[in-house]
Amino acid sequence: MNILILGSGGREHALAWAVMQNPKCDKLIVAPGNAGIAQIAECATLDVLNGAAVVNFCDENAIDFIIVGPEAPLAAGISDRLREAGFNVFGPSKAAAQLEASKAFTKEICAACDAPTAGYGHFTDADAARAHIKAHGAPIVVKADGLAAGKGVIVAMTEAEALAAVDDMFGGEFGAAGAEVVIEEFMEGEEASFFVLCDGKDVLAIGTAQDHKRVGDGDTGPNTGGMGAYSPAPVLSDAVASLAMEQIVKPCMDEMARRGMPYQGVLYAGLMIKDGQPRLVEYNVRFGDPECQVLMMRLGAQALDLMLACAEGRLADAQVHWADDHALTVVMAANGYPGDYAKGSVIGGLDALPEDSFNMCFHAGTALQDGKIVASGGRVLNVTARGASLAEAQSRAYAMVDRIDWPGGFCRRDIGWRAL
Ligand code: AMP
Ligand code: GLY
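Be aware that the sequence shown starts at 124, since it is given in the numbering used here, and climbs by one per residue.
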């Protein structure tokens, strides 16, 4: 079959790498893709937010299956446009994508089905939000309701910080995303990510992971999109995962179906775990980036079969075949990230890296310039390895990192510390 993946990051490179290993894939196009993806698949220029253009492209290229990587096209309704045109798509509808696109929507779904999560208030005006903060005190969490590229959440340790966040949000700092604000109880515990496929009726757990959000070693410095990840996450034991499934994911999926917006695609539940009890922090309606890279490293070719079963409503009969293995990815970012960084620095040493089912350097933000691979984003490479233990995966990944010649970039040296 002919497959189209929408997106251009390390997540999409990992999806493409897994899909290419499956004999069902005759032809793979990634739009827009990047320089690393271009080494294994065809890349095409396409505005993934333009539904009509994507439908046209699929017609012209006889595409049989579309995998949507990022949240923005999902929230804009790309899956609906493609399904209306008769295409088979992996990714939720615009209505179901509200689980990521609106924090107030998700809190309301959780409340309707009693899924454990932080207590909250939902505000459309600053005075009521300020009064709520004064009544509850700090620590407290202030969130812009809409999509804010991962920047719309302020975990305020003092009341003053929380009040300032409310002023910023209603003052327009996050644009339309901040026109409504959710204020949550601060939850303590350890965070982990739980990935589940849902076909509108049935659910299938496909893996767990832990991210490293802070830019510096020892979880210091500002927040980022993620500096590294590993799978599985020990804190998400089978017992905790089964509580998360029964108390959080299944009731929410049933509630979505009951409201006439069945969820179809991968659901990424960010959980806070304390004393063996998971509570929902947030949902994302896509694979995590860089969590996808470690999941694909472990799932390999079966990832395509699972996504097809999900899109075609066959999850009740689907199974995940687990190897007893571990995967870890180290993000290499451009110097200065997550603040200002330069683009265009040359990355050397990539050709000499081992790339096989145990070692892969996924590209997140690269471009080809005059025959050389150059950095074209903040997060640039995802150096990923698999091993019999997490320690083995870690040492393989850093052995690859050490062979990359890129003075314009840096990485954390402690990815995996919490589990090791
Ligand atoms: P979100 O975008 O909702 O995942 O929030 C970003 C990060 O803020 C999460 O990964 C958590 O580290 C933190 N966070 C969000 N909500 C809470 C909460 N209610 N209590 C504690 N930390 C939170
Ligand atoms: N790594 C976090 C995310 O993809 O949202």
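No residue lacks a Cβ here, since even glycine has one placed at the ideal position from N, Cα and C.
- Between F297 and A267, the CB-CB gap stays under 8 Å.
- Just measuring C-alpha positions, the residue of D203, Q425, V503 sitting nearest P146 is Q425.
- The three-state reading of DSSP puts E313 in strand, counting E and B together.
- Each residue's CA atom was taken as its position, placing V503 and H136 some 12 Å apart.
- With a cut-off of 7 Å, the C-beta of G294 is classified as distant from the ligand GLY, since no heavy atom of the ligand falls inside that distance.
- A distance criterion of 7 Å places the beta-carbon of E165 beyond contact range of the ligand AMP, judged by its closest non-hydrogen atom.
- C-alpha of I256 to C-alpha of V265: approximately 9 Å in a straight line.
- Per DSSP, the beta-bridge partners of V153 are I128, C166.
- Around the ligand GLY, the residues selected by a Cβ distance under 5 Å to any of its heavy atoms are D334, G349, G411, D412, following chain order.
- A distance criterion of 7 Å places the beta-carbon of M280 beyond contact range of the ligand AMP, judged by its closest non-hydrogen atom.
- Per DSSP, A224 is one residue of the alpha helix (DSSP H) stretching across 221-224.
- A contact between stretches requires three or more CB pairs, one per stretch, nearer than 8 Å, and the region 447-456 fails this requirement with the region 160-172.
- In this structure, F485 lies away from R509, with their beta-carbon atoms at least 8 Å apart.
- Taking C-beta separations shorter than 6 Å and ignoring five residues to either side along the sequence, the partners of G411 in its chain run S316, Y391, following chain order.
- At least one heavy atom of the ligand AMP falls within 7 Å of the beta-carbon of K266.
- Between L431 and C148, the C-beta spacing is not below 8 Å.
- Where L286 is concerned, the enclosing alpha helix (DSSP H) starts and stops at 282-293.
- At least one heavy atom of the ligand AMP sits closer than 7 Å to the Cβ of K336.
- As computed with DSSP, C484 is found in a beta bridge with V506.
- In terms of CA proximity to G159, A139 leads the group F533, C233, A139.
- Going by beta carbons, G214 and S202 fall inside the 8 Å limit.
- Remark: the shortest separation between the CB of E313 and any heavy atom of the ligand AMP does not fall under 7 Å.
- When DSSP reads this structure, T452 sits in a beta bridge with A352, T507.
- Taking each of G472, V454, L543 in turn and checking the Cα distance to R535, the smallest one comes out for V454.
- Closest in alpha carbon position to E207, among V177, C233, E231, E223, is V177.
- Taking all protein chains shown into account, S365 has fewer than 16 neighbouring C-beta atoms within 10 Å of its C-beta and is therefore exposed.
- Cβ-Cβ separation between C166 and A185: approximately 18 Å, too far for a contact (criterion under 8 Å).
- Residues of the same chain with a CB within less than 7 Å of the CB of S499, apart from the 5 flanking positions on each side, are K466, G488, T489, A490 in chain order.
- Under DSSP, M395 takes part in a beta bridge, and its partners are E314, R402.
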